[in-house]
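Counting from 598, one number per residue, gives the positions in the sequence shown under this note's numbering.
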Amino acid sequence: MYSVRPNWLMRKFYSSAIWRVPTKEKKIFLTFDDGPIPEITPWVLSTLKEYKAKATFFCVGANIEKYPEIFRQIISEEHSIGNHTCNHLNGWKTKTKEYLKNVEKCEKSLQFNNSRQETGNRKLLFRPPYGKMKRSQFSILNSQFSIIMWDVLSGDFDQTISEEKCLKNVLTKTRAGSIVVFHDSLKAKKNLFFVLPKMLSELNDKGHSFETL
Numbered sequence: 598m599y600s601v602r603p604n605w606l607m608r609k610f611y612s613s614a615i616w617r618v619p620t621k622e623k624k625i626f627l628t629f630d631d632g633p634i635p636e637i638t639p640w641v642l643s644t645l646k647e648y649k650a651k652a653t654f655f656c657v658g659a660n661i662e663k664y665p666e667i668f669r670q671i672i673s674e675e676h677s678i679g680n681h682t683c684n685h686l687n688g689w690k691t692k693t694k695e696y697l698k699n700v701e702k703c704e705k706s707l708q709f710n711n712s713r714q715e716t717g718n719r720k721l722l723f724r725p726p727y728g729k730m731k732r733s734q735f736s737i738l739n740s741q742f743s744i745i746m747w748d749v750l751s752g753d754f755d756q757t758i759s760e761e762k763c764l765k766n767v768l769t770k771t772r773a774g775s776i777v778v779f780h781d782s783l784k785a786k787k788n789l790f791f792v793l794p795k796m797l798s799e800l801n802d803k804g805h806s807f808e809t810l
């Protein structure tokens, strides 16, 4: 089970995480989790470029190592990058020491494969897979990273919902400052390929812009 909007308990548990960007301007913050992979990420980048949209990609370290050229394309097209652990770990099911080492391993991959000269000035962003961390993990990582959660969970990964339902999720819930979660993963392909261009087109027409975190 998941909620398109995060419930109050989640927000309270991770109260110092970033759930939404405070702004009155029509700015939306798209995020993509779990990539990069060749089957999905290049299409996402092409679609974003078509609509002059920017986004933030929370990358899995193992995928960066497999597909460094796609990771570098994300950077070269001036999107932001964030840490999503090296092996997509569920913090609730992982010992804190192991979890932190996995985050560190991903961060090394992010830095090693970042071709920008200003690597040292990159904002350190982290999103926990499944949105799940123990308090001990959160307290340590919160001192090192901006921990990015979300305002709208698209549900693109949910293969039991229709493309139209997924589109409705994002269009009815997205508002100024929303951080919207999509996934550049195979599981999300059906819904993502239908929803992303339609969302970009409709919200562009309403005067929204799409920015990096």
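Glycine residues also receive a C-beta, built at the ideal position from the N, C-alpha and C atoms.
Let's see if you can read the secondary structure: which residues bound the beta strand (DSSP E) around residue i?
i           : result
residue 679 : 677 to 680
residue 692 : It is not in any beta strand (DSSP E) - residue 692 carries neither H nor E in the DSSP assignment.
residue 610 : It is not in any beta strand (DSSP E) - residue 610 instead sits in the alpha helix (DSSP H) that spans 605 to 610.
residue 653 : 652 to 656
By a C-beta neighbour count over all protein chains shown, 10 Å radius and 16 as the cutoff for buried, is residue i buried or exposed?
i           : result
residue 599 : exposed
residue 714 : Any reading at residue 714 must be qualified, since the residue scores a pLDDT of 46, below 50, and its modelled position is unreliable; the value itself is stated next. Classification of residue 714: exposed, given that the 10 Å Cβ count is below 16.
residue 689 : exposed
residue 604 : exposed
residue 802 : exposed
residue 658 : buried
residue 781 : buried
residue 691 : buried
residue 804 : exposed
To the nearest whole angstrom, what separates the beta carbons of residue i and residue j, a pair I think is in contact under 8 Å?
i           : j           : result
residue 668 : residue 810 : 17 Å between Cβ atoms; not a contact.
residue 679 : residue 745 : 6 Å
residue 630 : residue 655 : 5 Å
residue 700 : residue 601 : Wrong, their Cβ atoms sit about 27 Å apart, outside the cutoff.
Over what stretch of residues does the alpha helix (DSSP H) that includes residue i continue unbroken?
i           : result
residue 792 : 786 to 802
residue 627 : Unbroken run through residue 627 is the beta strand (DSSP E), 624 to 630; no alpha helix (DSSP H).
residue 777 : It is not in any alpha helix (DSSP H) - residue 777 instead sits in the beta strand (DSSP E) that spans 776 to 780.
With the cut-off set at 8 Å, would you say residue i and residue j are in Cβ contact?
i           : j           : result
residue 621 : residue 806 : no
residue 783 : residue 661 : no
residue 617 : residue 776 : yes
residue 779 : residue 682 : no
residue 687 : residue 726 : yes
residue 743 : residue 720 : yes
residue 653 : residue 676 : yes
residue 753 : residue 800 : no
The region 730 to 738 in contact with the region 755 to 762 per 3-pair CB rule at 8 Å: The region 730 to 738 is not in contact with the region 755 to 762.
Does the region 787 to 801 come close enough to the region 636 to 647 that 3 or more CB-CB pairs lie under 8 Å? Yes, they touch.
Counting beta carbon pairs with one atom in the region 763 to 777 and one in the region 696 to 711, are three or more of them shorter than 8 Å? Touching, no.
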